[in-house]
Amino acid sequence: NLVAEHLKTFGGVKRRFTEKIVNDTVIIDDFAHHPTEIEATIDAARQKYPDREIVAVFQPHTFTRTIAFADEFAQVLDSADTVYLAEIYGSAREVDHHEITAQDLANKVRKPARVISVENVSPLLDHDRGVYVFMGAGNIQQYEVAFEDLLSQLTKNTL
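Number 508 marks the last residue of the sequence shown (the numbering used here); no jumps.
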């Protein structure tokens, strides 16, 4: 039938486990910004790449959500091997009352976790054969692009 034919060529939804390879490095982009979504995304990466280190790069979206789910975020992020956090992306409808920071969330994660900036994503290079899972609903894609640019620069410098 017509629906079955179209499903054969359906490429999926943007920002839902979107994979790309940059210089032999697996990069996954996902819109996950709730603990349940993060858990599912990390689990899917682990199932697809069982013998690789799973490196979660997460940007919390909104201060109110980060406060409400801080413990749950920490718990699900612990299912990755290593965690990097971008600064919290506040929405236009809320004010940062300085009640929580990305570092506060990093401190709750039991696995190695650190905060990175879009200006310096070089700590992400510390993982041989890592699978990088970029997650969030804010501007996390800027971090991903910065990392891809860094990987491309390294390749140019070694040629």
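Backbone N, C-alpha and C define an ideal beta-carbon position, used for all residues, glycine too.
Check: For residue 460, which of helix, strand or coil comes out of DSSP?; Outcome: coil
Check: Under a three-way DSSP split, which group does residue 498 fall into?; Outcome: helix
Check: Which runs of the beta strand (DSSP E) at least 3 residues long sit entirely within the segment 419 to 456? Give them in chain order.; Outcome: 431 to 434
Check: Under a Cβ-count criterion, where at least 16 other Cβ atoms within 10 Å of its own Cβ denotes burial, should residue 502 be classed as buried or exposed?; Outcome: exposed
Check: Distance, Cα to Cα, residue 472 vs residue 430?; Outcome: 15 Å
Check: For residue 441, count the other beta carbons within 10 Å of its own beta carbon; 16 or more makes it buried, fewer makes it exposed. Which is it?; Outcome: exposed
Check: Where do the N-terminal and C-terminal ends of the alpha helix (DSSP H) with residue 486 fall, by residue?; Outcome: Careful: residue 486 lies outside any alpha helix (DSSP H) and carries neither H nor E.
Check: What residue range is occupied by the uninterrupted alpha helix (DSSP H) comprising residue 387?; Outcome: 384 to 397
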